[in-house]
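Each remark here refers to the structure printed beneath this line.
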Amino acid sequence: MKVEKLLLELESLCEKAGYTVRKERGGFRGDQCIMEGEKLILLNKNRPVETQTAILAKVLKIIGTDDLFIKPAVRKELAAIWKRLDRFESSEKQSETL
-11 MKVEKLLLEL ESLCEKAGYT VRKERGGFRG DQCIMEGEKL ILLNKNRPVE TQTAILAKVL
49 KIIGTDDLFI KPAVRKELAA IWKRLDRFES SEKQSETL
């Protein structure tokens, strides 16, 4: 699946989960937040599409996807991204203990 298509699918899933996805420019990486009671995911337009998909995948992992229908191809891509994120987080924790 092309990364651009995956990004659109993940945006749709996040919106179905009750989030508003906003793409803006600035000196930030992007993440989820709640502002004035509205659940937001901010993505930096200047970041690569792969980074934007990783942020959306991270949010979906945190909120859970049990109540969402996810296309099999998207679920496969999500599983791969989650695996990479887990490896990255575990290597980060290991370097903090050194």
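Counting from -11, one number per residue, gives the positions in the sequence shown under the working numbering.
No residue lacks a Cβ here, since even glycine has one placed at the ideal position from N, Cα and C.
- Beta-bridge analysis with DSSP links Ile22 to Lys27.
- Boundaries for Lys46: no beta strand (DSSP E) harbours it, while the alpha helix (DSSP H) harbouring it runs Val37 to Ile51, taken from the DSSP string.
- Just measuring C-alpha positions, the residue of Arg63, Asp54, Arg17 and Leu1 sitting nearest Thr39 is Arg17.
- Counting C-beta pairs closer than 8 Å gives fewer than three between the segment 17 to 28 and the segment 53 to 67, which falls short of the contact rule.
- The continuous stretches of beta strand (DSSP E) do not include Lys33, and DSSP gives it neither H nor E.
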